[in-house]
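In our numbering, the protein residues as written are 1458 to 1592. Glycine included, every Cβ here is placed at the ideal spot set by N, Cα and C. Note that the structure is predicted; figures quoted are calculated from it, not measured. I have placed the structure first, in the form of structure tokens, so that the comments after it can refer back to it.
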């Protein structure tokens, strides 16, 4: 039995059809290449729609949820806030490692507010919104 995963893209403009999301497919391919059963990304506006998508993924019992986008410092970047609301325990070292890995290529990686943690038996990780950042 394959492990299951879900990818949630937090992008106001992609959710409205202004442009096509590029990061979700990169993450889906990465997960699939590591043996996860993962459907197409769920693209939603940032904020509470991310919370709704997270709760749906948790209700489905997936092993891993990776979000992308909404981790910056603009007023609309609320992914970390709604993620914290579903976590049982934060794993700050994971989020710190992601920022540290991005720092040599993107100095602004330190501005990411992304979080990681567990909700029940599900690992939840916020990733940056750029395709370069998720690679």
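Looking only at DSSP bridge pairs, what is residue i linked to?
i            : result
residue 1594 : The first residue shown for the chain is 1458 and the last is 1592, placing residue 1594 beyond what the model contains.
residue 1499 : 1465
residue 1527 : BP columns for residue 1527 are empty, so no partner.
residue 1574 : 1547 and 1581
residue 1522 : 1463 and 1581
Going straight from the alpha carbon of residue i to that of residue j, what length do you get?
i            : j            : result
residue 1477 : residue 1469 : 11 Å
residue 1464 : residue 1556 : 19 Å
residue 1566 : residue 1518 : 31 Å
residue 1579 : residue 1522 : 7 Å
residue 1512 : residue 1543 : 7 Å
residue 1570 : residue 1538 : 9 Å
residue 1474 : residue 1483 : 19 Å
Does the Cβ of residue i have 16 or more other Cβ atoms within 10 Å, making it buried, or fewer, making it exposed?
i            : result
residue 1503 : buried
residue 1516 : exposed
residue 1534 : buried
residue 1492 : exposed
residue 1577 : exposed
residue 1489 : exposed
residue 1585 : buried
residue 1554 : exposed
With a Cβ-Cβ cutoff of 7 Å, do residue i and residue j count as a contact?
i            : j            : result
residue 1472 : residue 1509 : no
residue 1466 : residue 1559 : no
residue 1552 : residue 1573 : yes
residue 1485 : residue 1495 : yes
Starting from the C-beta of residue i, find all residues in its chain whose C-beta is less than 6 Å away, skip the five residues before and the five after it, and write them out in chain order.
i            : result
residue 1546 : 1574 and 1575
residue 1562 : none
residue 1461 : 1494, 1519 and 1520
residue 1481 : 1464, 1466 and 1498
So, for residue i: in the same chain, excluding its five sequence neighbours on each side, which residues have a beta-carbon less than 7 Å away from its beta-carbon?
i            : result
residue 1536 : 1467, 1503, 1507, 1524, 1526, 1527, 1528 and 1583
residue 1568 : 1529 and 1530
Cutting at 8 Å between CB atoms, please list the residues of its own chain near residue i, excluding the five before and the five after it.
i            : result
residue 1459 : 1492, 1493 and 1494
residue 1549 : 1572 and 1573
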